[in-house]
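Report on the structure given below.
Protein chains: 2
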Amino acid sequence: MDFDKLRSAGYLTNHLARLFAHALHGRIAPLGLAPAQFMTLLELWESDALTQVELVSRLDVEQATMANTLTRMERDGLIRRAPHPDDRRARLVFLTDRARALRTPAIEAARSVNSDMLEPLDPEERDMLVGLLARVVSASRTARRAAEKDAEE
Amino acid sequence: MDFDKLRSAGYLTNHLARLFAHALHGRIAPLGLAPAQFMTLLELWESDALTQVELVSRLDVEQATMANTLTRMERDGLIRRAPHPDDRRARLVFLTDRARALRTPAIEAARSVNSDMLEPLDPEERDMLVGLLARVVSASRTARRAAEKDAEE
DNA sequence: CATAATTAGATAGCATGCTATGTATTGCAT
DNA sequence: ATGCAATACATAGCATGCTATCTAATTATG
Numbered sequence: 010m011d012f013d014k015l016r017s018a019g020y021l022t023n024h025l026a027r028l029f030a031h032a033l034h035g036r037i038a039p040l041g042l043a044p045a046q047f048m049t050l051l052e053l054w055e056s057d058a059l060t061q062v063e064l065v066s067r068l069d070v071e072q073a074t075m076a077n078t079l080t081r082m083e084r085d086g087l088i089r090r091a092p093h094p095d096d097r098r099a100r101l102v103f104l105t106d107r108a109r110a111l112r113t114p115a116i117e118a119a120r121s122v123n124s125d126m127l128e129p130l131d132p133e134e135r136d137m138l139v140g141l142l143a144r145v146v147s148a149s150r151t152a153r154r155a156a157e158k159d160a161e162e
Numbered sequence: 010m011d012f013d014k015l016r017s018a019g020y021l022t023n024h025l026a027r028l029f030a031h032a033l034h035g036r037i038a039p040l041g042l043a044p045a046q047f048m049t050l051l052e053l054w055e056s057d058a059l060t061q062v063e064l065v066s067r068l069d070v071e072q073a074t075m076a077n078t079l080t081r082m083e084r085d086g087l088i089r090r091a092p093h094p095d096d097r098r099a100r101l102v103f104l105t106d107r108a109r110a111l112r113t114p115a116i117e118a119a120r121s122v123n124s125d126m127l128e129p130l131d132p133e134e135r136d137m138l139v140g141l142l143a144r145v146v147s148a149s150r151t152a153r154r155a156a157e158k159d160a161e162e
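Residue numbers (the numbering used here), protein chains in the order written: chain A, 10 to 162; chain B, 10 to 162.
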């Protein structure tokens, strides 16, 4: 019973994700940002005033994870939360000026992490890798949602 | 200043790693295993009686991370730790019978996670993806080690 | 040989992620 | 209109991962 971890997609993906996270952390920590905060800001830079539920569905993390990330972001002065005007259960998440100002440098940092990490690949290979990753992620999200739908019955 | 997360290797890798981890967790939790424990067992199944330092270098996690994982594995009856005969600082990690017995079913579970997740890809595409991931991981580890070497001076 | 530098490991403190649960509100269906 | 199900969010508890720091032991060096 053998298992070659260096030919295992799951193993390699886990390892690569840690390497990416480490690199990103190094580049955005000077901005006062952590990786999950950056990910969340990517959505808020696109459209401000989202609810937690909307962020959860866009980023595909669990609601509890997002709640904690938002608490840390509020602590760090990146967001404010205000009551939703039409739904007293919900709160809207707003960017602070500080978070708005970080958009350009943070995205620049993320871009440079991607280029550095993919440096060993040819341009066509980079596209190939990104395309394959996107397809697997997309299919897996779909499959998971179908499975959860099933489980409801 | 735009950033398309669905074309970002770092973003996709992080997302895919979470999807893989979730799938693996679901399959090995019934065996009483967690993902990081499985990863560690992969090394110990190959060669028993390793030190923590040896596990750290093979799995490329930080020493503190491995120390905690080993503590949980000892708690769960997967390993025992005994003093190193030639170095009183070190301890050797040994598999228990329970951990040995899990080898076949756990590897079977991991294999099935990989096949399920890569199901949307053709066989050649799967090989391509695994090969590209392996190259990026390998290059990045090398670069990181070089950078650390540099930082020593 | 004595001391300094290195090495092995443990521990503290934090960020992300998860599951499971609790609370308040909303909305639907009778 | 009421009463139950669904929804939005918070919280507790745990696993992984990290950096930073501490102790003890070993190795290297003067």
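All residues carry an ideal CB built from backbone N, CA and C; glycine is no exception.
Nearest candidate by alpha-carbon position, reference residue i, set the options
i              : options                        : result
Q61 (chain B)  : B:L101, B:S121, B:L138, B:R107 : B:L101
L51 (chain B)  : B:R109, B:S121, B:M137, B:S149 : B:R109
I88 (chain A)  : A:D95, A:P94, A:T80            : A:T80
N23 (chain B)  : A:D96, A:R84, A:E83, A:D69     : A:D69
D85 (chain B)  : B:R27, B:D106, B:A73           : B:D106
S149 (chain B) : A:L53, A:D96, A:V122           : A:V122
L59 (chain A)  : A:K14, A:E83, A:H93            : A:H93
Which residues DSSP lists as bridging residue i, in chain order
i              : result
F103 (chain B) : B:R89
T60 (chain B)  : B:L101
D96 (chain A)  : A:H93
Residue i versus residue j - alpha carbon distance
i              : j              : result
D131 (chain B) : A99 (chain A)  : 44 Å
E162 (chain A) : M10 (chain B)  : With a pLDDT of 44 at E162 (chain A), under the threshold of 50, the modelled position of that residue is not reliable, and the figure given next carries that caveat. Their Cα atoms are separated by approximately 45 Å.
G140 (chain B) : G41 (chain B)  : 31 Å
D136 (chain B) : L138 (chain A) : 11 Å
P44 (chain A)  : E133 (chain A) : 27 Å
D96 (chain B)  : F47 (chain B)  : 27 Å
T49 (chain A)  : E71 (chain A)  : 13 Å
T78 (chain B)  : P114 (chain B) : 21 Å
L111 (chain A) : L28 (chain A)  : 23 Å
T74 (chain B)  : R90 (chain A)  : 34 Å
A76 (chain B)  : E83 (chain A)  : 33 Å
K14 (chain B)  : E117 (chain A) : 13 Å
W54 (chain A)  : W54 (chain B)  : 47 Å
P39 (chain B)  : P39 (chain A)  : 42 Å
Assumed close pair residue i, residue j - CB separation to whole angstroms, cut-off 8 Å
i              : j             : result
L104 (chain B) : D57 (chain B) : 5 Å
A119 (chain B) : F12 (chain A) : 6 Å
Any non-hydrogen atom of the ligand MG within 7 Å of residue i CB
i              : result
V139 (chain A) : With respect to the ligand MG, the structure shown offers nothing to examine, as it has no ligands at all.
Three CB pairs or more closer than 8 Å across the segment 147-156 of chain B and the segment 144-160 of chain A | Segments in contact, no.
Could you tell me whether the segment 125-135 of chain B touches the segment 14-31 of chain A, using the rule of 3 or more Cβ pairs below 8 Å?
-> Verdict: yes, contact present.
The segment 25-40 of chain A contacting the segment 53-68 of chain A, beta-carbon criterion three pairs below 8 Å = Below 8 Å, too few C-beta pairs join the segment 25-40 of chain A and the segment 53-68 of chain A to call them touching: fewer than three.
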